[in-house]
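In the UniProt record's numbering, the protein residues as written are 1 to 457.
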Amino acid sequence: MFYQSPAGLFERVRLLTRRRVELGARGWSLVVAALAVFVVVIEIVAIRFGIHGPIDRLAHDFVGRAEIGEIKLAGLMLALVCMPSRLRWWTFGAAVALETVWNVQRVVVGHDLTVGNGILWALVGTVAFAVWKLRDGERTATLKAVGLGMMLIVMGRVGDVWLVLSTKANAKVLDGYVELADRALGSPSWAVGRIVSESTVLTQTCGRVYMLLPVGAAVIAFFQLRNSARDGFPRHHIVRTFLLIGMIGPLIYFIFPVVGPTYAFGHDVAGAGWQDVWPWFTPDGSAPTPTYFDQHIARNCMPSLHTAWAMAIFLHGWRGSTASRVFGTFWLIATTGATLGFGYHYAVDVLAGMVFTLTLEAALTRPETGVTRVRMAVVALGAGLFSALLLMTRFAAPWLATGGALSVLLLVGPVVVAAAGFLLVERPALFSRTDPADGPCVRPRRRTPQRTSGHGG
């Protein structure tokens, strides 16, 4: 009586997941509470390892010398974009005034300028004003906007702790394997590193793009969320992808610890590298092993989350206007150039970061279609490709280094397949005659007429 066929059950799941759910005050309270619990847990773990946790770091940002001002600027921009228009200039003016006061004090005592204290206090003040003076929809929109901006800032601080924890968890790194596998592609970090190091313009451009990555995401968020206070939030936007990348990606650092060519094979940290050859000469050796590395360097290379985030900027940029498309394309190219050119990543890290984002985007995009079989298959395929890329690098690096064209295909192929899978979910019209309302499908194969015995030759 209560039996339901697997097909019927799946159809029920698809219909339920395509529905839009608007979180009320209770729902947003649960989200904030869950985030607070998560931050407290990370703080406890950090204390256990004798390092500064996210709460400690945030408290220092409020009253001490704020660090990583780029992500705080991005948080402020995101909050300004999403809040009611009449409050934007007041919040922005308060942030500028407070930043001025803090930095005048720094000039007086002879310290360097920085950004962050005034932004944090301006956002907190906006929350207090919203609770005290605003009512109904305007209050809700303001609290959501500030909450989104603060979430970006808080998760940035959690990410900082993850990086330090990665050094505590792994004494040895796998850079030898990744560098060897990279030889199949012509050691791109070495090639791009030489080009960037010899050009002042490229060095400055790539450096700015690399440091201002959160601001780049905020620019795309402006295109997507600028009318959210009036029309509500779209069901899918870049902030969702950005935060999910930041939550899942660092977990891989503990599974596949890598520090990057400028540390393992360069001179970025004096005395830390095994060979001081990057970017001029490829390292010696063809039989890698997990090797001890300086415990002060984060194992934050595999996958390249800078590339993953830049890929998200690119994908979301292409959903918008010509300006956002140009911006997203430039940001992806410049970020890839920076990650390789500064020796922060190997090419395999970059490829893994692309597969990682394409898989997550396939899971998140077009939420109005719900959970379809094609979406599930694409996500499972992407996860398999990502895992295969890591396993090949770890266990087949010597073969990849000498495998020629087949090695290139095995390393680059996962990106191509993941991109095709993403497009199958994102733009099913490319693969089918119509864009079905219930999700993506594959173009049906044309049936070839069968020959009869009377027509031969």
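Ideal Cβ placement from N, Cα and C applies to all residues, glycine included.
Where the alpha helix (DSSP H) containing residue i begins and where it ends
i, result
"Gly246", "238-255"
"Met311", "305-317"
"Asp160", "136-169"
"Gln105", "85-109"
"Leu73", "69-82"
"Gln204", "200-211"
"Thr189", "Here residue 189 turns out to be Ser, not Thr, going by the sequence shown. Counting along the chain, the alpha helix (DSSP H) containing Ser189 begins and ends at 188-197."
"Glu426", "405-426"
"Arg375", "373-395"
"Met302", "Taken as a continuous stretch (DSSP letters only), Met302 belongs to no alpha helix (DSSP H), as it is neither H nor E."
"Gly328", "322-341"
"Phe62", "54-63"
"Pro261", "261-264"
"Ser228", "228-231"
Assigned exposure category for residue i - 16 Cβ within 10 Å defines buried
i, result
"Ser304", "buried"
"Ser321", "exposed"
"Asn300", "buried"
"Ser29", "exposed"
"residue 461", "Since the displayed the chain opens at 1 and closes at 457, residue 461 lies outside it and no answer follows."
"Val131", "exposed"
"Arg366", "buried"
"Glu198", "exposed"
"Asp435", "Any reading at Asp435 must be qualified, since the residue scores a pLDDT of 49, below 50, and its modelled position is unreliable; the value itself is stated next. With fewer than 16 other Cβ atoms within 10 Å, it is exposed."
"Trp280", "exposed"
"Leu87", "buried"
"Phe422", "buried"
Test item: CB-CB of residue i and residue j under 9 Å
i, j, result
"Ser85", "Ala298", "no"
"Phe356", "Ala308", "yes"
"Ala66", "Thr114", "yes"
"Val196", "Ala310", "no"
"Glu361", "Thr241", "yes"
"Val173", "Thr291", "yes"
"Val259", "Asp160", "no"
"Ala221", "Val81", "yes"
"Pro414", "Leu351", "yes"
"Leu315", "Leu251", "no"
"Ser248", "Ile313", "Sequence check: residue 248 is Ile here, not Ser. No, they are not a contact pair."
"Leu76", "Phe92", "yes"
"Gly193", "Leu340", "yes"
"Tyr263", "Asp294", "yes"
"Gly387", "Trp278", "The sequence as given places Ser at residue 387; Gly does not occur at that position. Taking 9 Å as the Cβ cut-off, Ser387 and Trp278 do not qualify as a contacting pair."
"His236", "Leu364", "yes"
Selection from the options that minimises the alpha carbon distance to residue i
i, options, result
"Pro283", "Gly186, Thr336, Asp349, Ser228", "Gly186"
"Phe129", "Gly137, Thr142, Asn117", "Thr142"
"Gly64", "Met392, Gly116, Ile333", "Gly116"
"Phe223", "Trp318, Ile68, Ala264", "Trp318"
"Ser286", "Leu243, Met155, Met302, Ala401", "Ala401"
"Leu243", "Leu152, His236, Phe327", "Leu152"
"Ala229", "Met83, Leu120, Phe62, Leu424", "Met83"
"Thr126", "Ala323, Ala79, Ile42", "Ala79"
"Leu35", "Asp276, Leu148, Leu424, Trp274", "Leu148"
- Check whether the region 369-383 touches the region 393-409, counting contact only when three or more Cβ pairs, one atom from each stretch, lie closer than 8 Å. Contact annotation: the region 369-383 does not touch the region 393-409, with fewer than three C-beta pairs closer than 8 Å.
- Message: Any contact between the region 96-109 and the region 50-58? By contact I mean 3 or more CB pairs, one from each, below 8 Å.
- Response: no
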